[in-house]
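Numbered continuously in our numbering, the sequence shown closes out at residue 365.
All residues carry an ideal CB built from backbone N, CA and C; glycine is no exception.
This one's a predicted model, so the numbers in the text were calculated from it and none came from an experiment.
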Amino acid sequence: MSTDSELLWSPSRSTAESSNIASFMRWLSEARGLSFSTYPELWRWSTTGLTAFWSAVWEFYGLDTVSGYDAVLPDPSMPQATWFPGARLNFAQQCFARATDARPALISVAEDGVPAETSWEQLEREVAAVAASLRGMGVGPGDRVADYLPNTSHAVVALLATAAVGAVWTVCSPDFGTPSVLARMRQAQPTVLVAADGYFYGGKEFDRRPQIAELADGLPTVRHLIAVGYLHTSSSTSSWSQRPEVVQHSWSALLANEAHLTFVDVPFDHPLWILWSSGTTGVPKGIVQGHGGI
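The structure is reproduced here in structure tokens:
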């Protein structure tokens with residue numbers, strides 16, 4: 072057990088000087104004439120000069136070239152506090168703003184331990200294809216897209232495509248039981264369900280197609296089901312839902328579409344995703360976070 076007086080770790084000089092905080096402090100000195108010799112000094116300013124601090128963060132990350140805003144925080148009193156009213160941006164667009172050929176966009180490692188790289192070019196192509204398909208399904212700002220996916224690149228593509236069209240993303244892991252998933256997704260009222268046929272764990276395959284059929288039946292707002300063949304890439308998707316009004320699509324077929332990636336500008340606090348509480352004290356509570364905050 073440690074005491075408050077024990078120093079457990081300290082960065083090297085090179086690590087400290089290459090940190091984002093150090094870069095921000097140098098920028099403050101050069102761009103705004105503000106000098107802070109220690110981190111506690113910077114922290115103290117961040118808590119007492121909210122408008123000056125957050126306007127500096129906005130400019131430091133280049134958002135001043137993306138959008139202006141009416142004010143940083145017109146009314147700080149809770150719960151009606153609203154940040155950066157008048158600003159318009161898109162989370163997915165900012166993710167692609169620093170795309171580069173110097174490094175991959177994603178490195179995915181499955182249970183077999185073999186890393187798979189996704190280039191920025193490939194990620195943009197896949198996100199563009201899925202976003203165009205979502206638009207073709209009538210998905211737009213404020214609509215909800217629910218994912219039933221393991222932690223794979225499919226989830227990243229689905230999130231970015233959803234954000235690109237201004238829709239709201241939510242996800243549950245396929246190792247959740249059907250009642251737990253429905254307790255969350257019914258609140259979100261999604262129009263699209265993106266679901267993988269299963270997942271790997273402990274060297275075993277877990278087929279979740281029967282559970283997907285239950286989810287489609289239990290979510291009356293769903294009009295489109297996008298089937299991700301993760302375990303069985305060539306499996307038929309025609310029987311994943313028995314509801315005749317649900318149009319079923321293959322993820323691989325969606326990716327074959329060629330499209331240009333475009334983004335919907337949304338307000339700073341426009342909902343980006345819905346996270347969920349554990350549900351141990353009742354029905355799981357939705358936690359909504361916006362494009363700008365993230």
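Supposed close pair residue i, residue j - CB separation, criterion 8 Å
i    : j    : result
V293 : T249 : Actually they do not touch by this definition, with Cβ atoms about 14 Å apart.
R206 : V185 : That belief does not hold up - the Cβ atoms of R206 and V185 are roughly 34 Å apart, past 8 Å.
L343 : A234 : 6 Å
Nearest neighbour of residue i, chosen from the options [CA to CA]
i    : options                   : result
A298 : P291, R280 and D288       : R280
S323 : A200, Q165 and T189       : A200
V216 : P156, M149, A235 and V265 : V265
Y137 : D336, T351 and G353       : The question names Tyr, yet the displayed sequence has Val at residue 137. Nearest C-alpha to V137: D336.
V210 : Q313, S76, M96 and H295   : H295
M96  : T118, Q313, F131 and L121 : F131
L160 : S349, P355 and P212       : P212
E112 : E101, S126 and A93        : A93
L325 : A203, Q360 and A267       : A203
D268 : G357, T153, Y219 and A287 : Y219
I345 : I358, T333, P338 and F334 : I358
A284 : E101, P338 and P315       : P315
W154 : A142, A176 and S244       : A142
T333 : R103, R196 and L78        : R196
I365 : L79, P147 and A163        : A163
E276 : V318, D183, W347 and N328 : D183
Assigned exposure category for residue i - 16 Cβ within 10 Å defines buried
i    : result
V227 : buried
G157 : exposed
W240 : buried
V246 : The question names Val, but residue 246 in the sequence shown is Asp. D246 comes out exposed.
R255 : buried
T122 : exposed
Y301 : buried
W129 : buried
A173 : exposed
G120 : exposed
A232 : buried
A229 : buried
V354 : exposed
A287 : buried
G139 : exposed
G363 : buried
S18  : Residue 18 cannot be examined here, being either before or after the span of the chain that is shown, 72 to 365.
L79  : exposed
Residues of its chain near residue i, where Cβ-Cβ distance is below 8 Å and the 5 sequence neighbours each way are ignored
i    : result
G289 : T249, L253 and R257
T304 : S323
A181 : A187, T223 and F271
W116 : L105, F107, A123 and F124
G274 : E182
Neighbourhood of residue i by C-beta, 6 Å cutoff - its chain only, sequence neighbours within 5 removed
i    : result
H225 : V299
A170 : W191
A238 : V210, D214 and V216
W125 : V143
Same chain, Cβ closer than 7 Å to residue i, five either side skipped, listed in chain order
i    : result
T351 : none
Q260 : R215 and T292
H331 : A199
T86  : none
G361 : F339, D340, H341, P342 and L343
S244 : P221
A127 : L99 and R103
A152 : L144 and D146
N328 : A200, A203 and S204
Below-8 Å beta-carbon distance, residue i vs any chain C residue
i    : result
A163 : Protein chains in the displayed structure number just one, and chain C is not present.
With a floor of 3 residues, list each beta strand (DSSP E) that falls wholly inside the stretch 255-326, ordered by position along the chain. 263-267, 269-272, 275-278, 295-299 and 318-321
Going residue by residue through the stretch 166-223, where are the continuous alpha helix (DSSP H) segments of at least 4 residues, counting only ones entirely within it? 191-207
As an exercise, report each continuous alpha helix (DSSP H) stretch of at least 4 residues that is fully enclosed by the stretch 98-155, in chain order. 110-119 and 121-131
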